[in-house]
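Participant:
Residue numbers (the numbering used here): 19 to 92.
(1) How far does the beta strand (DSSP E) with residue 30 in it extend, from its first residue to its last?
(2) Quick check: what's the CA-CA separation for residue 80 versus residue 68?
(3) Who are the near neighbours of residue 22 in its chain, counting only those whose CB is closer than 8 Å to its CB and skipping five residues on each side?
(4) In whole angstroms, what separates the C-alpha of residue 83 from that of residue 46?
(5) State yes or no: is the C-beta of residue 44 within less than 8 Å of the C-beta of residue 31?
(6) In this structure, how does DSSP classify residue 55 when only helix, strand and coil are distinguished?
Following this line, the structure appears as structure tokens:
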């Protein structure tokens with residue numbers, strides 16, 4: 019069976035399929051992309067978690083301030 023993909027001019031790892039799609043055959047670049055995407059997702063998850071913890075801490079501080087004010091004005 020003949021491969022009908024044609025190399026994209028100026029790119030060693032890019033091919034055009036008969037339907038016009040561009041396909042990248044560089045497995046190393048793909049794996050690097052996946053690693054980068056995974057690291058980025060982990061960083062975003064950590065950032066979200068820290069933001070949630072900060073909001074919880076702020077809420078608890080406000081509650082403590084309110085309780086202290088109640089004790090002072092009794």
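Just so you know, even glycine gets a beta-carbon here, dropped at the ideal spot from N, CA and C.
Facilitator: In this structure, then:
(1) What you label residue 30 is simply residue 12 of the chain shown in a count that begins at 1. Where residue 30 is concerned, there is no enclosing beta strand (DSSP E), given that its DSSP letter is neither H nor E.
(2) Residue numbering aside, residue 80 sits at position 62 when the chain shown is read from its first letter. Residue numbering aside, residue 68 sits at position 50 when the chain shown is read from its first letter. So the alpha carbons of these two residues sit roughly 18 Å apart.
(3) Mapped onto the chain shown, residue 22 falls at position 4. Scanning its chain for C-beta atoms nearer than 8 Å, with the 5 sequence neighbours on each side dropped, one finds around residue 22 the residues 35, 36, in chain order.
(4) For the purposes of this step, residue 83 is identified with residue 65 of the chain shown, where counting begins at 1. For the purposes of this step, residue 46 is identified with residue 28 of the chain shown, where counting begins at 1. Between residue 83 and residue 46, the C-alpha separation is close to 55 Å.
(5) Within the chain shown, residue 44 is the residue found at index 26, counting from 1. Within the chain shown, residue 31 is the residue found at index 13, counting from 1. In contact: residue 44 and residue 31 (Cβ atoms closer than 8 Å).
(6) Numbered from 1 along the chain shown, position 37 holds the residue referred to as residue 55. The answer is helix: DSSP assigns residue 55 an H, G or I state.
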